[in-house]
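Per our numbering, the sequence shown starts with residue 1, numbered consecutively.
Data block below; observations after.
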Amino acid sequence: MRRRSPPRVGTIGGLARQQRPLFVTCKRCGHEVRLNPANLSRQYGGELPLQRFLERAVCTACGARWPDIDCIAPLDVQPVDRAADRSRRH
Ligand SMILES: [Zn+2]
């Protein structure tokens, strides 16, 4: 199986469809926030490329901007809205 590398490609809407959380990390101060792409998609529009979003992002802790800010959307994290879902069978 091919493992896709965590991207800065794709769009906000794409992440929202895959229900993947978006972690934005500040490399300057270490501040990290977890964002819900579904909310971002409503706010900015699903067409917004992740890279473009990153270029607009500002660290709320120290004010740093890209490229001091990086983001990652891991594939192996539980979906944002279903993290508490215990109905999964095995
Ligand atoms: Zn910062």
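Where a beta carbon is used, it is the ideal one built from N, C-alpha and C, also for glycine.
For ligand 1, I want to know if Ala57 counts as a neighbour, meaning its beta carbon is within less than 7 Å of at least one of the ligand's heavy atoms.
On the sequence shown, position 57 is the one that residue 57 refers to. Incorrect: Ala57 has no Cβ contact closer than 7 Å to ligand 1.
Going by the DSSP bridge assignment, what does Thr25 pair with across the sheet?
Sequence index remark: in the sequence shown, residue 25 carries index 25 (1-based). Glu32, Asp70, per the DSSP bridge assignment.
Over what stretch of residues does the alpha helix (DSSP H) that includes Leu40 continue unbroken?
The residue labelled residue 40 in the question sits at position 40 within the sequence shown. Residues 37-44.
Neighbourhood of Ile12 by C-beta distance below 7 Å, restricted to the same chain and skipping five residues each side
Start at 1 with the first residue of the sequence shown, and residue 12 comes out as number 12. Only Pro37, Leu40, Ser41, Tyr44, Gly46, Leu48, Leu50, Phe53 meet the Cβ criterion.
Taking Cβ to Cβ, would you say Cys26 is nearer than 8 Å to Cys59?
Residue mapping note: residue 26 aligns to position 26 of the sequence shown, counting from 1. Residue mapping note: residue 59 aligns to position 59 of the sequence shown, counting from 1. Taking 8 Å as the cut-off, the Cβ atoms of Cys26 and Cys59 count as close.
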